[in-house]
Amino acid sequence: MVIDTWGPEETRAFGKKMGQEARPGQVICLNGDLGVGKTIFSQGFAEGLGIDEPVNSPTFTIVQQYDTGRLPLYHFDVYRIGDISEMDEIGYEDCFYGDGVSLIEWADLIREILPDHYTQITILKDLEKGFDYRKISVNEQ
Ligand code: ADP
Ligand code: MG
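Residue numbers (this note's numbering): 25 to 165.
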């Protein structure tokens with residue numbers, strides 16, 4: 025599935041819809057360059073789960089857990105990961121293989137430990153279509 029968005033509100037709304045439809049144990053991988061809207065999507069997704077806390081990129085912690093929604097949300101941003109062993113230290117398996125939902129910004133950086141099945145979301149800019157245009161592709165792996 026591919027959807028076009030023409031501003032951050034639309035990407036957030038798409039994230040919200042996916043959050044409303046999220047199921048226990050789902051792993052969602054978000055890829056795309058810095059500033060494409062991975063965190064905006066994540067904020068909408070959290071809203072769709074009914075999470076009422078502010079969601080930002082978990083810069084220093086790699087993962088941030090939110091427990092106030094319909095399902096637990098584990099929001100990862102692995103951009104600054106140095107070594108894959110850091111994921112073990114975090115206890116990522118309890119997140120990926122538990123009953124919550126994992127949302128992973130920059131998931132391509134930890135490809136070797138992704139589960140067999142996950143939802144792949146890639147966000148791309150296309151400046152010919154305008155500064156605020158994004159192409160969002162969703163695939164089940
Ligand atoms: P990332 O987490 O991918 O680095 P952010 O979500 O933090 O990116 O930031 C995306 C930026 O792009 C925000 O400043 C947002 O306002 C802007 N933006 C412009 N158009 C869009 C769009 N269609 N979808 C998402 N964000 C957009
Ligand atoms: Mg981000």
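Note that the Cβ used here is the ideal one computed from N, Cα and C, for glycine as well.
*asked:* Just to confirm the assignment: which complete alpha helix (DSSP H) runs, minimum length 4, are found wholly within the segment 42-83?
replied: 62-72
*Which residue comes first and which comes last in the alpha helix (DSSP H) that contains PHE120?*
116-120
*Is ARG104 helix, strand or coil when you go by DSSP?*
coil
*From PHE38 to VAL162, what does the alpha carbon distance come to, in whole angstroms?*
In this structure, the straight-line span from the alpha carbon of PHE38 to that of VAL162 is close to 11 Å.
_When you measure from the CB of THR85 to every non-hydrogen atom of the ligand MG, does any distance come out below 6 Å?_
THR85 has its CB no nearer than 6 Å to any heavy atom of the ligand MG.
*Decide if VAL79 is buried, meaning its Cβ has at least 16 other Cβ atoms within 10 Å, or exposed.*
buried
*Sequence-ordered residues whose beta carbon comes within less than 6 Å of a heavy atom of the ligand MG*: Those satisfying the condition are, in chain order, LYS62, THR63, SER81, ASP101 and GLU129.
*Span of the beta strand (DSSP E) around ILE145*: That run of the beta strand (DSSP E) goes 143-149.
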